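Worksheet: one structure, shown below.
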Amino acid sequence: MKITPEIIDKHGIKPEEYKKIISLIEKKPNLLELGIFSAMWNEHCSYKSSKKYLKTLPTKNKKVIQGPGENAGVIDIEDNDAIVFKIESHNHPSFIEPYQGAATGVGGILRDVFTMGARPIATLNSIHFGSHEHPKTKNLLNGVVSGIGGYGNCMGIPTVGGEVKFDSSYNENILVNAMAVGLVKKNKIFYSKAKGTDQPVIYVGSKTGRDGIHGASMASAEFDKNAEAKKPTVQVGDPFTEKLLLEACLELMKDDSIISIQDMGAAGLTSSSVEMASKGNLGIEINLNKIPCREDKMTPYEMMLSESQERMLLILNSEKVENAKKIFIKWGLDFSVIGKTTNTKNLVLNFDGEEVANLPVNSLSNNVPIYDRKWKKNVTSIKKNLQIDFKSFKILESLKKILMSPNNAEKSWVWEQYDHTVMGDTIQKPGGDSAVIRIHGKNKGIAITVDSSAHYCLANPVAGGKQIVSEAWRNLISVGASPIAITNCLNFGNPEKDKIMGQFVECIDGISQACTYLDFPVVSGNVSFYNETQNKAILPTPTIGGVGLLKNLNTMMTKNIKEVGSYILVIGKTLGHLHQSEFLIEVVGIKDGPPPEVNLFNEKNNGLLVQALISKKLLNSVHDISSGGILIALSEMCISGNIGAKIKIPNDKIRPHEYLFGEDQSRYLIEVNEKNKNEVYKILEKNSIFYEMLGKTQKDSLVLDKEFNIKLNNLNKLNSFWFRNYFKEN
Amino acid sequence: MKSSVIVFPGSNCDRDVAVALEKFQIKNQMVWHDEINLPKSDLVVLPGGFSYGDYLRTGCIASKSRIINDVIKHAKNGGLVLGICNGFQILIETGLLSGVLLRNKKLRFLSKNVFLKVINVDNKFCLNYKKKDIIELPIAHNEGNYFASKEQIKKLEDKNLVAFKYCSEKGNINKSTNPNGSSNNIAGILNDQKNILGIMPHPERLIDPLLAGEDGSLMFKSLIKSL
Amino acid sequence: MKISATVTLKKEVLDPQGKVVSQTLKNMGYDSIVNVRQGKYFDIELNENDKEKAKKIAEEICKKLLTNVVIEDYTIDLK
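Protein chains in written order, with my numbering: chain A, 566 to 1295; chain B, 20 to 246; chain C, 871 to 949.
Here is the structure:
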């Protein structure tokens, strides 16, 4: 078939890229080869627009076993245990079919984790929708939550944390970022690097169909006799098959049969075979007649580009093939020897006795162009003096408005649809600062959190990037964990626009600064570009998934107030930064201005101090202060503990609204009882940590001296109103 | 005491229940659904999860497994059988327990802790729960809505075969304390001989102070006590 | 007027339920089973006597609600 400029264009390949392809392979590609390039050279697989900057992120510390470049990142949590984790996006498919898009997103990230030999022990997710008033939002929200639950619950893996955010910039481009965490023994980690020539390459899992083949369906260029033009097919997830695949893989991984293993995700068989060969500096030869197919008369093009789910590619020791086959047959899965590794360093595909493709592996992996896209520095609006009549915004009414807003409302409507206690090791459930999962059979655990601050990142990408890493770090500290590393999902608009590319470059700069200072490196992640429709881009949304270690679960901390008559202290200085705060955005309606700056010195010192107080068992409860400021954080502590407080603002140099709703960073609220109070003061003063007394806990109501008195029952009702009302389930 | 936990393709809570059984010194074996013979057991447990993905009808395909014949024999001989969540659904599909488990009334999966009133302590599963004891256990299901004809429900109540009902913290049984629309707030039932118990909540998930509850332990302790 | 609507997955969309039902039937000894696809059936009663109008309404409700047009097809039968 003649390759015309239109066909090249429909494959998403630019003319300069096509020229480069020809020079790399020293021939003109046929249609199948062109399809393979279109898959491997697209943004999602190649990271061509982002690689230059991703390389600047810190990726190492003493506890990192595996950084970016594998299926997932791996960190050491002592005692021969390691944690495998990653976050990934599935944005565009979720907008088209929210249930299946979200479900297959969960499925994909789980495979990335268990392909390394780790049993998944938790999932989390960060989902962003358009304005709640937008006509599509309700269905999308419902579909995505059902899809995440439908897949995760069926797999029997607890979904223990997440966030749900609304902003009109996501109206036509929702975000679904799914994170998975798995447990593995340090000496039993499996990698995707192919080793040794003439080793059998094996396909396991579900059969291959025409799922996910897009782009004018070049497959339609090859009609069969009963010609019905093959239309692009939405990927449908089958969590039951994935559960079988998980158990079969883990069973096989008990011995040393597997040389390398890779799941088939984006670009299916193409990306998995190329990546395995490329990492091992080998070639790979595949006989496409051996691919188990679900549909009739599938063409090589369709087989190589299919995104059918629940499939893995293995390279096994040749003597272990029969035993491996027995395991997969027992679990009811397809098992087919489809090819072998070679020393040619080429990807060779055969079909019906003929060679149908032959490409140097390097041209598809190492030699993909890396772009240095033009970018524009972001212009941050200067902090102006707020010309608002604060008196007209009553503090109690402002508090109520924030607690009732969709971004700040309590979200049990969402997480009660996720089984969060299966596997019997969920020590801290959704709703806290971080989820805590016990390491099975031991008394230690890991803390996990996922966060984003897109509006901060729009206002100032560098500050926003710093902030979001700091917030993740703080969330782990708040439950008594030692933060170890992060995974990141970088969701942005079109990188070919210099303004968007600038957001990306500057967010990475901020993330880098915070990760370096806090010794909190990036071990895995993914980039999702082109989240925009008709020139309207999403807010720049880097999502951070953080993991920390709790060496002893007996020192785990929670945020619910524990006793009446104890003291509430604020750790960290409040300057009263209101720009980009929930108060200014939700209550007053001002959306411009710079976000709060993170002072990394204070961030680290304050955090380490809180960590020390927790480990010395001097504190009753801890909650980090973030979205909404002190008053929101305190309300949350009171509601969850069903114990109130009486507080008085200790700072008369700034306005009450600035003190109560300011979103200055590096701060925590701590509850200390009478017995431990003096010891805590001693330690704070010895370490020169700024703190203030806010008030004392008491029964039944939250009281701000001379301002308001509200019963906790009411506060709780307001905070848990929004979601059930939105779905008319009150 | 010896137990067998049946593992179906898609079972998820098999490990959880094995951990609970072993914690209370019940000698346990995991038995694959495709085995013909059940090892000698005092107790057979059908665990929670999504056997066969809940496809066609929950529990339906699992109820046709090879091992089920031996499970039915064991039950007819008076052996103890405990079906938890998906296990309860499977017991219903085999006919060992009556009724049907439909979609939750609000058509959503629901994962939360609920209060239960122990209605019948006169059986080997509930000895440790004093009569009218109120306990808290987690539920996690999409099809927990117990339904049977009016006559069947009346029979269950009259013969005192309802084991647990959803209630409030204070023990009130009514519509507002019913999480899934179950007839009469039924959360668990027994068969006529009281050697088979099917329950929707998960006792195996609350056996540890770190998990903020130990009401599940009482059931396993009852079982050990009974033999 | 009574109308029935049958909703099925589009031809090449994965049907996990049908796959498992098919395998189970084979395991139960039904060797001649080749394939099973699972769908949904709706019985719709309308207060409308005109056949054409009824058909039009049925088409509309199939497209707007009963069918997920991204992955499903429907057929309508007037009884």
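Don't be surprised by glycine CBs; every beta carbon is placed ideally from N, CA and C.
The model shown is predicted, which means the values in this text are computed figures rather than measured ones.
Residues that DSSP places opposite residue i in a beta bridge
{"i": "Ile1212(A)", "result": "Gly1260(A), Leu1269(A)"}
{"i": "Ser825(A)", "result": "Ile880(A)"}
{"i": "Ala875(C)", "result": "Phe912(C), Ile946(C)"}
{"i": "Lys136(B)", "result": "Ile153(B), Lys184(B)"}
{"i": "Ile215(B)", "result": "Val100(B)"}
{"i": "Gly638(A)", "result": "Phe650(A)"}
{"i": "Pro633(A)", "result": "Glu635(A)"}
{"i": "Val63(B)", "result": "Ser23(B), Val100(B)"}
{"i": "Val801(A)", "result": "Paired residues: none, contrary to the question."}
As assigned by DSSP and simplified to three states, the class of residue i
{"i": "Thr1098(A)", "result": "strand"}
{"i": "Pro1107(A)", "result": "strand"}
{"i": "Phe660(A)", "result": "helix"}
{"i": "Ala794(A)", "result": "With a pLDDT of 42 at Ala794(A), under the threshold of 50, the modelled position of this residue cannot be trusted, and the question is left open."}
{"i": "Gly909(C)", "result": "coil"}
{"i": "Asn931(C)", "result": "Looking at the sequence shown, residue 931(C) is not Asn but Ile. Helix at Ile931(C)."}
{"i": "Pro198(B)", "result": "coil"}
{"i": "Ser1285(A)", "result": "coil"}
{"i": "Val1237(A)", "result": "strand"}
{"i": "Val939(C)", "result": "coil"}
{"i": "Val1129(A)", "result": "coil"}
{"i": "Thr569(A)", "result": "coil"}
{"i": "Ser1089(A)", "result": "strand"}
{"i": "Val944(A)", "result": "coil"}
{"i": "Met744(A)", "result": "strand"}
{"i": "Gln993(A)", "result": "strand"}
{"i": "Ile51(B)", "result": "Per the sequence shown, the amino acid found at residue 51(B) is Trp instead of Ile. Trp51(B): strand per DSSP, three-state reduction."}
{"i": "Leu853(A)", "result": "helix"}
{"i": "His1222(A)", "result": "helix"}
{"i": "Asp35(B)", "result": "helix"}
{"i": "Gly207(B)", "result": "strand"}
{"i": "Pro220(B)", "result": "coil"}
{"i": "Arg676(A)", "result": "helix"}
{"i": "Phe788(A)", "result": "Residue placement at Phe788(A) is poorly supported in this model, since its pLDDT is 37, which falls under 50; the coordinates are not used for a value here."}
{"i": "Lys1276(A)", "result": "strand"}
Residue i versus the options, residue with shortest Cα-Cα distance
{"i": "Ile218(B)", "options": "Ser245(B), Leu180(B), Lys240(B), Lys189(B)", "result": "Leu180(B)"}
{"i": "Val119(B)", "options": "Gly200(B), Leu146(B), Val36(B)", "result": "Gly200(B)"}
{"i": "Leu898(A)", "options": "Ser588(A), Lys890(A), Lys567(A)", "result": "Lys890(A)"}
{"i": "Gln1145(A)", "options": "Ile1133(A), Ser1131(A), Pro1160(A)", "result": "Pro1160(A)"}
{"i": "Pro28(B)", "options": "Gly802(A), Lys567(A), Ala667(A), Leu811(A)", "result": "Leu811(A)"}
{"i": "Arg775(A)", "options": "Pro723(A), Met868(A), Cys1054(A)", "result": "Met868(A)"}
{"i": "Glu155(B)", "options": "His52(B), Ile55(B), Leu146(B), Ala206(B)", "result": "Ala206(B)"}
{"i": "Leu961(A)", "options": "Phe1057(A), Lys1276(A), Leu809(A)", "result": "Lys1276(A)"}
Enclosing alpha helix (DSSP H) for residue i [first to last residue]
{"i": "Pro580(A)", "result": "580-590"}
{"i": "Gly1067(A)", "result": "1063-1083"}
{"i": "Leu1140(A)", "result": "Where Leu1140(A) is concerned, there is no enclosing alpha helix (DSSP H), given that its DSSP letter is neither H nor E."}
{"i": "Asp15(B)", "result": "What is shown of chain B runs 20 to 246, which leaves residue 15(B) out entirely."}
{"i": "Lys1169(A)", "result": "1165-1180"}
{"i": "Ala1198(A)", "result": "1195-1206"}
Residue interval of the beta strand (DSSP E) (run including residue i)
{"i": "Pro886(C)", "result": "Taken as a continuous stretch (DSSP letters only), Pro886(C) belongs to no beta strand (DSSP E), being part of the alpha helix (DSSP H) at 886-897."}
{"i": "Ile739(A)", "result": "It is not in any beta strand (DSSP E) - Ile739(A) carries neither H nor E in the DSSP assignment."}
{"i": "Phe1255(A)", "result": "Phe1255(A) -> no beta strand (DSSP E), and no H or E assigned at all."}
{"i": "Glu840(A)", "result": "Note, Glu840(A): premise wrong, no beta strand (DSSP E); alpha helix (DSSP H) at 833-845."}
{"i": "Ala1012(A)", "result": "1010-1017"}
{"i": "His693(A)", "result": "684-694"}
{"i": "Phe43(B)", "result": "Unbroken run through Phe43(B): none, as it is neither H nor E."}
{"i": "Cys1054(A)", "result": "1047-1056"}
{"i": "Ala1000(A)", "result": "1000-1003"}
{"i": "Asn915(A)", "result": "911-916"}
Item to check | Residue ranges of each beta strand (DSSP E) within the region 747-784 of chain A, 3 or longer | outcome: 765-770
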